[in-house]
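Just below is one structure, and these are the notes that go with it.
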Amino acid sequence: MSTMTAKAASPPSSRVGVGATIQQTATLAWRSLVQIKHNPWELLDLSIQPIMFLLLFTYVFGGAISGSTGDYLQFALPGLLVQNALFYTLSTAIGLNSDITKGVFDRLRSLPISRTAPLAGRVIADTFKQIWAFALLVGFGAVLGFRVQTDLLGVLGALALLVVVSLAMAWMSVLIGLIASSPEKVQMISFSAMMPLTFTSSALVPADTFPAWLKTWSDLNPVTHLADAIRGMMIGGEVASPALVSLLWAAGFALVFAPIAINVFRTRI
Amino acid sequence: MRYAIQAEGLVKHYGATKALDGVDLEVRQGRLLGVLGPNGAGKTTAVRILATLLRPDKGTATVAGFDLFREAHKVRSLIGLTGQYASVDEMLTGTENLVMIGRLLGLSRPEAKRRAAELLDRFSLTEAGGRAAKTFSGGMRRRLDLAASLIGRPEVLFLDEPTTGLDPRSRTELWDVVRGLMADGVTVLLTTQYLEEADQLADDIVVFDHGKVIASGSSDQLKARAGSQVLEVRPIDESRLDVVSKVVGDVLDTVPEVVSGKVTASVHDPAVVPAIVRRLDDLGVVASELSLRKPSLDEVFLTLTGHRAEQEADDSDKAEAKSTATV
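Protein chains in written order, with the UniProt record's numbering: chain W, 1 to 269; chain X, 1 to 327.
This is how it looks when you write it as structure tokens:
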């Protein structure tokens, strides 16, 4: 004990270096991921919903929508990937909010660490979870009969696009996490936003049968473009245009929500 | 002597609510300042400001010799915060919580583990170290909280209501821990709703009410400031309480309190006591207890603020129920 007299954080410096920031971010990402080790249920939690959606949509709606469950699975799996990724961005909000309401965030902010590390650590951990959910859905889908029509590059491209868009969406999630009064509220707000957004798109059904007004909206809906792009990359079809529109939407999201979230972060917390 | 905490004119408003309305605080190095006050008096706001979590609307402050606003980062490297709000991650084990903080403070993995083990041992948490913090009892959680804030060997420690909601035994244990820290030379700012806690631990006490410091000094000075002593008389025969009350009232020219078989009254001039004793003797009243004592901090608080410390409940159950509602 006496051999370790050096103060952990001395000499005090006024800035956090890049190396330290990365190390702190990694520590905080570890903190979010190590919970899975103690609570494997969390991983199950993370996995059950996508699998349930996959099974329900394929076997309940599949035949009615596409004539056969196999055809529908082929169409819907990319859409389900999108839906799941968007839903999952909300876990950032829930985790952040629970840190704030429980006081963990205050402890982190009272430490001489990079101001961005707590946010960045959480977002990076959530990105790992996104990748897990993606692999799980594609793997389980393959068991049920889903076949990638393109190649590995297409699949990796789809994953990359989903991660990028999710990171942009995470800003909105951060904002919700900062302003909501409890994690339960976050869940409610997000659910009532995400559900209609993903269902009024071409993610899960072809938009052809929508009434005209809904079709107009669906064509605008960023989820439609994202689903079309992912579909293109996994089973073939147009990629460039929907991918570009998706990225523009993502940029727009980040441009609008990042400054607001950062401002709220600075002033309210 | 150097001041570890020095704050001047701190003001923080939330809309129309004045959480802090011009507060000055000074804590000398190595001392423990008790900030005493009821819920909503502004104690937590003051701690949050001094721990760099909140910017005041007005005022200046230095903590551990550094300007709170211009050198916040340096301040953070020298303080520790434990309390109602700063908390541990419930999903992580005790050890992981401490290792995480150690790593964030730049310790290597083995160093962080060693420091965690050392602190778990010091706070009798070694056995529970491998369990998730959510399984900890209230007292264990507070100790883990405290351990977490000590990883960086802070010079200044903020303890925001560290014993609120704890059972009496855990509270006493935590007091011992705090005394140990003071022996190490750490400067402590402790907020509390418990008058007894301030009395037990604090070198100096400031009393907050409605965002202002309404009194400060040592526990003895504050008791003296209430300006009187307290006379208590308990007759052997409880049926004579009325007589005792009348005698005390007549001599002191006040209306004494009659509670649980005792007559209690403020005395400004101790010289009147013999007169009371004589008159009681004349009336044949035998007292089983007759004492003149300094007022308790509770009574001081009442004198200073005109109202009782709301949260000061006689039984800790009541205090616990209230505090859990506010957490």
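From the three backbone atoms N, C-alpha and C, an ideal C-beta is built for every residue, glycine too.
Where residue i falls: helix, strand or coil (DSSP)
i, result
"H13 (chain X)", "strand"
"E118 (chain X)", "helix"
"D24 (chain X)", "strand"
"T192 (chain X)", "strand"
"D184 (chain X)", "coil"
"R153 (chain X)", "coil"
"D71 (chain W)", "helix"
"E238 (chain W)", "coil"
"Q293 (chain X)", "First, the amino acid is wrong: residue 293 (chain X) is Arg here, not Gln. Note: R293 (chain X) maps to strand in three-state DSSP."
"residue 364 (chain X)", "No answer is possible for residue 364 (chain X): it lies beyond the span of chain X, which begins at 1 and ends at 327."
"L36 (chain X)", "strand"
"P211 (chain W)", "coil"
"T172 (chain X)", "helix"
"I214 (chain X)", "strand"
"R2 (chain X)", "coil"
"E257 (chain X)", "strand"
"D99 (chain W)", "helix"
"R143 (chain X)", "helix"
"R234 (chain X)", "strand"
"G79 (chain W)", "helix"
"A251 (chain W)", "helix"
"Q200 (chain X)", "helix"
"L111 (chain W)", "coil"
Beta-carbon separation (whole angstroms), residue i vs residue j, contact threshold 8 Å
i, j, result
"L104 (chain X)", "L197 (chain W)", "Not confirmed; about 36 Å, so no contact."
"T224 (chain W)", "S201 (chain W)", "4 Å"
"V186 (chain W)", "I94 (chain W)", "5 Å"
"V233 (chain X)", "L252 (chain X)", "With 8 Å as the limit, V233 (chain X) and L252 (chain X) do not qualify as a contact, their Cβ atoms being about 11 Å apart."
"V178 (chain X)", "L159 (chain X)", "7 Å"
"I113 (chain W)", "Q24 (chain W)", "5 Å"
"G106 (chain X)", "K58 (chain X)", "34 Å between Cβ atoms; not a contact."
"A64 (chain X)", "E155 (chain X)", "5 Å"
"A133 (chain X)", "R141 (chain X)", "7 Å"
Test: residue i CB closer than 7 Å to a CB of chain W
i, result
"M91 (chain X)", "yes"
"L53 (chain X)", "yes"
"S87 (chain X)", "yes"
"R103 (chain X)", "yes"
"L81 (chain X)", "yes"
"S77 (chain X)", "yes"
"M100 (chain X)", "yes"
"H73 (chain X)", "yes"
"V327 (chain X)", "Interpretation of V327 (chain X) is limited by its pLDDT of 31, a score under 50 that renders its predicted location unreliable; no figure is taken from the coordinates."
Below-7 Å beta-carbon distance, residue i vs any chain C residue
i, result
"A132 (chain X)", "Protein chains W and X are contained in the structure displayed, whereas chain C is not."
When the options are compared against residue i, the one with the closest alpha-carbon
i, options, result
"I262 (chain W)", "W:G62, W:G236, W:F87, W:M172", "W:M172"
"M91 (chain X)", "W:A258, W:L136, W:W41, W:R109", "W:W41"
"A51 (chain X)", "X:P38, X:T135, X:F66", "X:F66"
"L222 (chain X)", "X:P162, X:A117, X:S291, X:E299", "X:E299"
"S47 (chain W)", "W:V138, W:I179, W:D228, W:G157", "W:V138"
"D145 (chain X)", "X:T82, X:G129, X:G138", "X:T82"
"Q84 (chain X)", "X:E118, X:V188, X:L166", "X:L166"
"I5 (chain X)", "X:L302, X:V188, X:L107", "X:V188"
"A112 (chain X)", "X:G211, X:E127, X:I151, X:F123", "X:I151"
"L195 (chain X)", "X:G34, X:Y14, X:K18", "X:G34"
"A275 (chain X)", "X:S296, X:D250, X:L297, X:K262", "X:D250"
"G154 (chain W)", "W:Q130, W:V239, W:R15, W:A117", "W:V239"
"N168 (chain W)", "W:T267, W:T92, W:P206", "Correcting the residue identity first, residue 168 (chain W) is Ala in this sequence and not Asn. Of the listed residues, the one whose Cα sits closest to A168 (chain W) is W:T92."
"F134 (chain W)", "W:L144, W:A258, W:L108, W:Y88", "W:Y88"
"S182 (chain W)", "W:D99, W:F128, W:Q130", "W:D99"
"E96 (chain X)", "X:S108, X:F123, X:R131", "X:R131"
Residue i at chain X interface by Cβ criterion, 7 Å
i, result
"I113 (chain W)", "yes"
"Q83 (chain W)", "no"
"S66 (chain W)", "no"
"K129 (chain W)", "no"
"K37 (chain W)", "no"
"S173 (chain W)", "no"
"K102 (chain W)", "yes"
"R109 (chain W)", "yes"
"Q187 (chain W)", "no"
"T25 (chain W)", "no"
"D126 (chain W)", "no"
"R31 (chain W)", "yes"
"D106 (chain W)", "yes"
Query raised in the report: Which ranges would you report for the alpha helix (DSSP H) in the segment 151-183 of chain W if only whole runs of at least 4 residues count?
Result: Within the segment 151-183 of chain W, the complete alpha helix (DSSP H) segments of 4 residues or longer fall at 152-179, listed in chain order.
Report task. Give, in chain order, every unbroken run of the alpha helix (DSSP H) that is at least 4 residues long and sits entirely within the segment 67-124 of chain X. Result -> 72-76, 94-104, 109-122
Query raised in the report: What runs of the alpha helix (DSSP H), each 4 residues or longer, lie entirely inside the segment 115-148 of chain W?
Result: Taking only runs of at least 4 residues, the alpha helix (DSSP H) segments lying wholly in the segment 115-148 of chain W are 117-144.
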